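Novice: Residue numbers (my numbering), protein chains in the order written: chain A, 1 to 112; chain B, 1001 to 1114.
Beta carbons: idealized from backbone N, C-alpha and C, even for Gly.
Note that the structure is a prediction, hence the values are computed from the model and not measured.
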Amino acid sequence: KNEVEQSPQNLTAQEGEFITINCSYSVGISALHWLQQHPGGGIVSLFMLSSGKKKHGRLIATINIQEKHSSLHITASHPRDSAVYICAVTQGSGAGSYQLTFGKGTKLSVIP
Amino acid sequence: NAGVTQTPKFQVLKTGQSMTLQCAQDMNHEYMSWYRQDPGMGLRLIHYSVGAGITDQGEVPNGYNVSRSTTEDFPLRLLSAAPSQTSVYFCASRYSTHQSHEQYFGPGTRLTVT
Chain A
1 KNEVEQSPQN LTAQEGEFIT INCSYSVGIS ALHWLQQHPG GGIVSLFMLS SGKKKHGRLI
61 ATINIQEKHS SLHITASHPR DSAVYICAVT QGSGAGSYQL TFGKGTKLSV IP
Chain B
1001 NAGVTQTPKF QVLKTGQSMT LQCAQDMNHE YMSWYRQDPG MGLRLIHYSV GAGITDQGEV
1061 PNGYNVSRST TEDFPLRLLS AAPSQTSVYF CASRYSTHQS HEQYFGPGTR LTVT
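1. In chain B, which residues lie with their C-beta within 9 Å of the C-beta of Ser45 (chain A)?
2. Check the Cβ-Cβ distances between Leu11 (chain A) and every residue of chain B, and say whether any is below 8 Å.
3. Which of the three DSSP states, helix, strand or coil, is assigned to Asp1073 (chain B)?
4. In chain order, what residues of the same chain lie with their CB nearer than 6 Å to the CB of Asp1026 (chain B), ignoring the 5 residues before and after it?
5. So what's Arg1068 (chain B) in DSSP terms, helix, strand or just coil?
6. Under three-state DSSP, which class holds Arg1110 (chain B)?
7. Cβ closer than 9 Å: which chain B residues qualify as neighbours of Gln36 (chain A)?
8. Near Thr62 (chain A), which residues of its chain fall below 6 Å by C-beta distance, leaving aside the five closest residues on each side in sequence?
9. Using a Cβ-Cβ cut-off of 8 Å, state whether Gly975 (chain B) counts as contacting chain A.
10. Measuring straight from C-alpha to C-alpha, what distance separates Ser7 (chain A) and Gly1106 (chain B)?
11. In terms of alpha-carbon separation, which member of B:Arg1044, B:Asn1028, B:Val1088, B:Thr1005 lies closest to Gln99 (chain A)?
12. Is Leu1013 (chain B) closer than 8 Å to Leu1076 (chain B) when the C-beta atoms are compared?
13. Below 8 Å, how does it come out for the stretch 42–49 of chain A and the stretch 99–112 of chain A: are there three or more Cβ pairs, yes or no?
14. Would the beta-carbon of Pro1061 (chain B) be found less than 7 Å away from any heavy atom of the ligand ATP?
15. Go ahead and pull the three-state DSSP assignment for Arg58 (chain A).
16. Establish whether the CB of Met1032 (chain B) and some CB of chain A are separated by less than 8 Å.
17. Could you tell me whether any Cβ in chain A is nearer than 8 Å to the Cβ of Gly1063 (chain B)?
18. Using a beta-carbon distance below 8 Å, is Met1041 (chain B) in contact with chain A?
19. Which residues does DSSP list as the beta-bridge partners of Tyr1089 (chain B)?
20. If you follow the beta strand (DSSP E) that Gln36 (chain A) is part of, which residue opens it and which one closes it?
21. Along chain B, in chain order, which residues have C-beta atoms closer than 7 Å to that of Phe102 (chain A)?
What follows is the structure in C-alpha cells.
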C-alpha cells in the first residue's frame, strides 16, 4: 500500500504570502491529486497530474516522479484560501483499480 | 448537472440502529465509492463499485453494506450502528474505472452514533 505523507500538518500565513505544501509517496503512481476541503464543507478536486506542472489561477501544482514528491503552491495567499489541502495518489491497472490513497491533509489558515 | 448528492447531511443514531446513507450522481460515471473521514486520519475507502451490479470492499468495510442497482445510485447501509462509526461520510464518483480520472465528491454526511 502506498504511504502518502504531507507536510506541514498545519500552516499559518499572512495574507499575500507565498505558500508551499508538500506531498511525498512511497510507491510509483499513475496520478497524483490535490484536493481542497473548506471547514465543514465538501471536497473539491484542484488538480490531477502525472508529470510536470499545472497552474490554475494562483495555484500551481508540480510533481517529480523520480523523487516521488509533489508540491502545491499558492501565490498571493488570501483568507479565502484557508482550508485543508489533501494530497491523494492512484496506482494500479485494470478495472476496479486506481483507488485513491489519501494523505492526512494540511490545514492552512491565512490571516488578513 | 447536480453532480454528486448525498442525504442526509446530518444524522444521529443510537447504538444498534440501522440506516441508509443515500448517494446519487447524474454524470453517468462508472465508478462510485464511499469514504469515511476521521480526525487525524486520511480518508479511508469503505466500499466501491465499478458499475451497476458490481461492488467490492475497500479498506474498512466491516459494518457496512452497499448495492448498485443503477448507474446513478450507490446507497451505504449501516446494519447495526456502533459508536466507532461516528464519522463524516463522503460519496464520490469518477468517469472511468480503467484510468486515473478526476474524482467528484458529495457534500458529506456527518453521522453521530451515541
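Specialist: Inspection of the coordinates gives the following:
1. What Ser45 (chain A) touches in chain B: Glu1102, Gln1103, Tyr1104, Phe1105.
2. False, the Cβ-Cβ gap to chain B never drops below 8 Å.
3. Secondary structure at Asp1073 (chain B): strand, using DSSP grouped into helix, strand and coil.
4. Hits under 6 Å: Asn1001, Ala1002.
5. The answer is coil: DSSP assigns Arg1068 (chain B) none of H, G, I, E or B.
6. Three-state result, Arg1110 (chain B): strand.
7. Within chain B, no residue comes near Gln36 (chain A); the closest Cβ sits about 11 Å away, beyond 9 Å.
8. Result list for Thr62 (chain A): Lys53, Ser71, in chain order.
9. Here chain B comprises residues numbered 1001 to 1114, so residue 975 (chain B) is not present and cannot be evaluated.
10. Straight-line Cα distance between these residues: approximately 26 Å.
11. Here the closest residue by C-alpha is B:Arg1044.
12. Not in contact: Leu1076 (chain B) and Leu1013 (chain B) (Cβ atoms no closer than 8 Å).
13. Verdict: no, contact absent.
14. Although the ligand ATP was asked about, the structure shown includes no ligands whatsoever.
15. Per DSSP, reduced to three states, the secondary structure at Arg58 (chain A) is coil, with no helix or strand assignment.
16. Met1032 (chain B) does not count as touching chain A.
17. So, not an interface residue.
18. Cβ-Cβ to chain A under 8 Å: yes for Met1041 (chain B).
19. Paired residue(s): B:Arg1036, B:Thr1109.
20. Unbroken beta strand (DSSP E) run through Gln36 (chain A): 31–37.
21. In chain order: Gly1042, Leu1043.
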